[in-house]
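Note that the working numbering has the sequence shown beginning at 1, numbered continuously upward.
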Amino acid sequence: MPFRTIAGHSRLLPLLSRVIARDSMPPAVLLAGPAGVGKRLTAMAIAQAINCQQPRSSPEFERDACGECAPCRRIARGVHPDVIVVEPGDSGSIMIDQLRDVIDRSQYRPFEGRRRVVIIDEADAAGPPAQSALLKTLEEPPSASVFILVSSIPDALLPTVLSRCPRLRFGPLTPAEVARVLMQEHGYSEGDARAAAADADGSIGRALESQSEDLTDARDTAQRILQETARSDDPVRRINLARDLTEGKGTPAEERNRLAVRLRSLGSLLRDVGIIASRAERGMIANADLQSQLEKLSASYDADRTLRAYAAVDRALTALDRNASPKVVADWLLLEL
Ligand SMILES: [Zn+2]
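This is the structure in structure tokens:
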């Protein structure tokens, strides 16, 4: 997984590549940011870029791994002797013994690589005693080793650990970046990818966890509701439409969850209509495959109405969170759109 194959982070990744090319990688860094945006992949890309035998150079990446030589392939398979990944075990925690083991190993020269790379994934899963065990090594790092801490909850790390590791901040990916990865690497159709990306908060991990059929159905329902409400404000038709929002069978928990997914879809479409109505940057549109339909909607949903509708969807989601009945929430919302 060389840098060039990782989605997004268009400033951070070239910067890391340049630092590695100039041999000025600090002995310890923290990759911090939301889950599922590519932090661990980046840690592996760093390990490869450092230890690749045929590194490549491009205008974007001063030093990037080839991805094909023996060290690159061994790192990708997790069997390179100088690239050690520590992660939580079955207990959900990183145990002090796991860290003591890598600390011991990091004292020796690398077996075959240029530098040993120790990746501590979900570093926040190490309790304070385990983090303290690591601290001394971070204070006086062995010259031939690099420690890469990865965390989506960096505030759970000890301040003393944080102060030893320069923090590289990963932001969420754009919906377009998430959708592209879902299509290219996970075989999603464009509609499914866009629907999943629009509901994923910029996280590929989150998009993959959700059920794409449910999301596609939710987006179809949300789109139909907006088209109908744009056309007519007849209250009887609106109450009928509210049934579309709650339609489906299941346990009460499943019903609530299904409505929440449809509401988030409605919110995502309204956000896009707002972007079109305000003539903002079109690249920000999450549901880009529906752009022409959204443009038609923006004739009835001007900036003010869109904003009010978006706020109403937000209130509906809050009410649902607080245990309001799905039917009451749906009826109320349809009269507000
Ligand atoms: Zn290589």
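Every residue, glycine too, gets a C-beta built ideally from N, C-alpha and C.
Within the same chain, Cβ atoms closer than 6 Å to the Cβ of Thr160 are found at Leu135, the five residues on either side in sequence being excluded. Using a Cβ distance threshold of 8 Å, Gly8 and Gly38 count as a contacting pair.
Beta-carbon to beta-carbon, Asn323 and Ala198 are separated by about 26 Å, too far to satisfy the 8 Å threshold.
Judged by DSSP in its simplified three-state form, Ser145 adopts strand. Excluding the 5 residues flanking it on each side, Ala144 has same chain C-beta neighbours closer than 7 Å at Arg109, Pro110, Arg115 and Arg116, in chain order. At the C-beta level, Leu12 and Phe170 come within 8 Å of one another.
Tyr188 and Ala176 have their alpha carbons spaced roughly 13 Å apart. The beta carbon of Leu158 sits closer than 8 Å to the beta carbons of Pro128, Gln131, Ser132 and Leu135 from its chain, once the five residues preceding and following it are set aside; these are given in chain order. When the alpha-carbon of Leu15 is set against those of Pro59, Ala319, Pro27 and Leu290, the nearest one is in Pro59. For the beta strand (DSSP E) assignment, the uninterrupted runs of no fewer than 3 residues enclosed by the segment 103-187 are, from N- to C-terminal side, 116-120, 145-151 and 167-169. With a cutoff of 7 Å, Pro81 does not count as near ligand 1, since its C-beta is closer than that to no heavy atom of the ligand. As computed with DSSP, Leu30 is found in a beta bridge with Leu149 and Arg167.
Secondary structure at Ile285: coil, using DSSP grouped into helix, strand and coil. Per DSSP, reduced to three states, the secondary structure at Arg56 is strand. Its Cα nearest to that of Leu30, the residue Ile153 stands out among Gln293, Ile153 and Ile20. Between Gly202 and Pro34, the beta carbon gap of about 7 Å places them in contact (Cβ cut-off 8 Å).
Here Met44 is buried. Its C-beta has 16 or more other C-beta atoms within 10 Å. 8 Å or more divides the Cβ of Thr246 from the Cβ of Leu263. Distances between the C-beta of Glu112 and the heavy atoms of ligand 1 are all 7 Å or more. Arg194 and Ala179 have their alpha carbons spaced roughly 5 Å apart.
Set against 7 Å, the gap from the CB of Ala47 to the closest heavy atom of ligand 1 is not smaller.
Taking C-beta separations shorter than 6 Å and ignoring five residues to either side along the sequence, the partners of Ile103 in its chain run Thr137, following chain order. Runs of beta strand (DSSP E) with 3 or more residues, each lying fully within the segment 63-95, are found at 83-86, listed in chain order. DSSP places Leu337 outside both helix and strand once states are collapsed to three, so it counts as coil.
Look at Ile6 here: in three-state DSSP terms it is coil, with no helix or strand label. Rounded to the nearest angstrom, the gap between the Cα atoms of Gly78 and Met183 is 26 Å.
Contact between Asp192 and Thr221 fails: their C-beta atoms lie close to 15 Å from each other, not under 8 Å. Here DSSP, grouped into helix, strand and coil, assigns Val329 to helix.
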